[in-house]
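The number in our numbering is simply the position in the sequence shown, starting from 1, with 574 added. Where is the CB? At the ideal position from N, CA and C, for every residue including glycine. Note that this is a predicted model, so its numbers are computed, not measured. Notes follow once the structure below has been shown.
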Amino acid sequence: MRIAIADPGNHTWNLQVSHDLLFWYEFETIKVHNGRFAKNLHVLENTPRSFYRLNFDPVLQAGESRVSQALALPSTPDNYALPSLPAHFLTPRVIAQDNTPADNPVTDRTATLGRVLFYDKRLSANNTISCASCHQQEHGFSDPRQFSIGFRGEETDRNSMGLTNAKYYERGHFFWDERSQTLEEQVLEPIQNEVEMGLTLDELVTKVSAERYYAELFTSAFGDAVVTSERISLALAQFIRSIISTESKFDLGRSSNFSNFTPQENQGRRIFNGQGRCDDCHGTDNFVSDTVFNNGLENPYTDPGIGAITRRQQDLGKFKTPSLRNIALTGPYMHDGRFRTLEEVVEFYDSQVVNHPNLAPQLRNNNRPIRLNLSEAEKRALVAFLNTLTDPNLTTDPKYSDPFNYGD
């Protein structure tokens, strides 16, 4: 028999047993962590029948569990600070892209705290949404839905951008409209957003302070148990910067001129860097750009993008260029998630770019929207190359996974 509890309040429950529905006996005390708990019950032997019920007892709530009970963390922190990087990540160009500030370098203990915060649903007003709800590890830390769902069931305005290799956005600006100047600033915005997570910073500090296991984690990271929104920001930013993809098929073939690629994948690589002109906007081995672009999705744009921030006509329809790392996992695509597949994206850039006064020069030819005129085989080859950017290890690496204990 299996028991399951859905409890956003993370309460402690009494599991009770009875043989006659008249007298009930304490069977087990269960603490819910991060909104849910499930386990298989070992049914009592040598009894004709047994009945079970859950009983919520407010008196038990003083007995909050600590790190070892609430979280599945290793006794020695995982390595976040010193990842093993391949040679093509150690070039001056890639090193220069690193947006890590001098006053918040990644450390193992603070990134561990950031990991717990990233997955903790108590960072939302009703304990139903965490950062990971919209940035899922198995989807390259993005959301497979066109628009993410906030704590009250409302949709966000834009598609969730993947977080892989966020440390390599050189200018360090975040969101599709780049309104956050640093990752440390960015991580607090969804928590305060009235659709996404719905907390004030004071409420955030109060809720995190109330969980006893955070006293140990904050002390480990910062030397004392004091919880502040700034410390939460620093820890979340460290964890996100530690999410680095370096083991895709592309990475493994980088040092051998891609001898591990199929002929189709190599054809796609040549198209990406040549006729397709993809690398004009997705350059370097991180496949990013720190220039914002209007990519000709529509005219006029229903979402003004960066133009809503700058109030400048020349910025209308311009958006941040996301990394293509793990792109096969991060669909749907574009700021509004309008394309479900990579095939649709390739088709768009091949023949459907719309003219717009702010259209990026990289997407123009003789002052008209570019037409690549790829054959069907060439389109398939380009998609095959994009699939080589998937890093299967990143999507399953335990150190990036949900650390909460949910029972069996």
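Rounded to whole angstroms, Q760 and L775 show a C-alpha spacing of 13 Å.
For D971, the closest alpha carbon among the candidates F611, E729, H713, N700 is that of H713. With respect to the 9 Å criterion, Y742 and V862 are classified as neighbours on the basis of their beta carbons.
Under the DSSP definition of a beta bridge, F913 partners with Y907. In the DSSP annotation of this structure, the continuous segment of the alpha helix (DSSP H) that includes F824 starts and ends at 823-827. With a contact defined as Cβ atoms closer than 8 Å, A646 and Y787 miss out at about 12 Å. For A951, the enclosing alpha helix (DSSP H) covers residues 950-961.
Beyond the five residues adjoining it in sequence on each side, N868 comes within less than 7 Å, by CB distance, of G891, K892, H930, N932, L933, A934 in the same chain, given in chain order.
By the 16-neighbour rule on beta-carbons within 10 angstroms, I901 is buried. DSSP places A740 outside any beta strand (DSSP E), giving it a letter other than H or E.
DSSP places A811 in the uninterrupted alpha helix (DSSP H) bounded by 803-815. Annotation for N967: E821 place their beta carbon closer than 6 Å to its own, counting only its chain and skipping 5 residues before and after.
Remark: C-beta atoms of E758 and A811 approach each other more closely than 9 Å. Distances from the alpha-carbon of I806 to those of M575, T681, V782, R623 put V782 closest. Close CB contacts of F959 within its chain, under the 7 Å cut and outside five residues either way in sequence, are with E839, G842, R843, F846 (chain order). Scanning G583, I577, L916 for the CA closest to the CA of L589 turns up I577. The alpha helix (DSSP H) runs lying completely inside the stretch 830-901 and spanning 4 residues or more are 837-847, 881-884, given in chain order. Between the alpha carbons of P651 and G857 lies a gap of roughly 34 Å.
Contact annotation: the stretch 788-803 does not touch the stretch 819-835, with fewer than three C-beta pairs closer than 8 Å.
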